[in-house]
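Quick notes on the structure that follows.
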Amino acid sequence: MIKFIATDMDGTLLNKNNEIHDEFFEIFEKLENKNITFAAASGRQYFNLAKRFEAIKDRMMFIAENGTFVVYKGKELFVNALDKNVAIELIEIGRKIDNANVILCGKKAAYIENDSVDFVKEVQKYYERYEIVKDINEVEDDILKVTICDFSGSQNNSNSYYNDYREKLQVTVSGEIWLDITAKGANKGVAIKALQEKLGINFDETMVFGDYLNDLEMMEVAYHSYAMENAHEDLKKVARFTAKSNDENGVVEVIKSHIF
1 MIKFIATDMD GTLLNKNNEI HDEFFEIFEK LENKNITFAA ASGRQYFNLA KRFEAIKDRM
61 MFIAENGTFV VYKGKELFVN ALDKNVAIEL IEIGRKIDNA NVILCGKKAA YIENDSVDFV
121 KEVQKYYERY EIVKDINEVE DDILKVTICD FSGSQNNSNS YYNDYREKLQ VTVSGEIWLD
181 ITAKGANKGV AIKALQEKLG INFDETMVFG DYLNDLEMME VAYHSYAMEN AHEDLKKVAR
241 FTAKSNDENG VVEVIKSHIF
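According to the UniProt record's numbering, the residues represented by the sequence shown are 1 to 260, in order.
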């Protein structure tokens, strides 16, 4: 019996037009009636996710910023913050990467220094609350992660700039142009593991969906682990099952066939 479902957003629950299928909200009601906890597990900011699920935001769970900030039924469960001095080191490296921009992701807002049209357009997709500041090193907030928006491609460009930090931090390629750096052990999988213990839910009762490399750890904490048909090949190797693509409403289709 499934008791907990967590799904990534981009490339997973959202289609290529950045839309949630209308059928999802009907399915959510049915899950709620069966006392199945539903979570959006994403690299997106909490405020962005809450807006996407406005009608049900106080009835579901959000595993935001790649597992560093968890809110359930409107209440904060935990924060896994990044040390400020370490964040400053990461920012200084990011500033030197060609064709890339740094985002300092805080609990209150995301902070950026560059106001170029293309960059701000990308920021607005994932961050509902953001501020353009003179120096992000001077921001006072709980730091959840440092993110690099790399227009040259994160996997083959900015990813290599942080090789020296891999042993003490979580460095994750989370999208074609996105690199997320969080505290060690801060990822979607660790967050879900902690939630399983807190809610009394086991491995066999957990279902997860994902499409990219920031979903790898999430695949390891659930028996019912699904990589989308459009997923990164490395994720498909770790997931136990495959769902139809995000444009075929794959998440909802699996839930319908498995639970209802």
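Note that beta-carbon positions come from the ideal geometry of N, C-alpha and C, so glycine has one too. Only a predicted model underlies this, so the values are computations on that prediction, with no experimental measurement involved.
Opposite residue 56 in the DSSP bridges: which residues?
-> Its beta-bridge partners do not exist; DSSP assigns none.
Mind checking if residue 144 is an interface residue toward chain B, Cβ cutoff 7 Å exclusive?
-> No chain B appears in the structure shown, which is made up of a single protein chain.
How would you write the range of the alpha helix (DSSP H) that residue 100 sits in, first residue to last?
-> That residue, residue 100, is in no alpha helix (DSSP H); its beta strand (DSSP E) goes 100–106.
Secondary structure of residue 73, DSSP reduced to three states | coil
Go ahead and pull the three-state DSSP assignment for residue 158.
-> Residue 158 sits in a helix when the DSSP states are folded into three classes.
Which one of 166, 212 and 204 has the shortest CA to CA distance from residue 224?
-> 204
What is the C-beta distance between residue 146 and residue 200, in whole angstroms, given that I count them as a contact (C-beta under 8 Å)?
-> In fact, because the Cβ distance is near 34 Å, the residues do not count as touching under 8 Å.
Considering residue 224, what are the terminal residues of the beta strand (DSSP E) in which it resides?
-> 224–228
Tell me the DSSP bridge mates of residue 210?
-> According to DSSP, residue 210 bridges with 227.
Can you have a look at residue 27 and say buried or exposed, based on whether 16 or more other CB atoms are within 10 angstroms of its CB?
-> buried
Are residue 149 and residue 167 touching if we call contact CB-CB under 7 Å?
-> no
What are the boundary residues of the alpha helix (DSSP H) that residue 118 is part of?
-> Per DSSP, residue 118 belongs to the alpha helix (DSSP H) from 117–126.
Are the beta-carbon atoms of residue 243 and residue 252 separated by less than 7 Å?
-> Going by beta carbons, residue 243 and residue 252 fall outside the 7 Å limit.
Pull up the distance between the alpha-carbon of residue 72 and that of residue 58, whole angstroms please.
-> 7 Å
Applying the criterion that 16 or more other CB atoms from any shown protein chain within 10 Å of the CB defines a buried residue, is residue 218 buried or exposed?
-> So residue 218 counts as buried.
Spell out a yes or no on whether the segment 84–104 and the segment 63–72 are touching, meaning 3 or more CB-CB pairs, one atom from each, closer than 8 Å.
-> no
In the DSSP assignment, find the unbroken alpha helix (DSSP H) run with residue 257 in it and report its ends.
-> Per DSSP, the continuous alpha helix (DSSP H) segment holding residue 257 begins and ends at 250–259.
Residue 150 bridges to which residues according to DSSP?
-> Partner residues in the beta bridge of residue 150, as assigned by DSSP, are 100.
Among 46, 109, 106 and 169, nearest to residue 86 - alpha-carbon criterion = Residue 169 is the option with its Cα nearest to residue 86.
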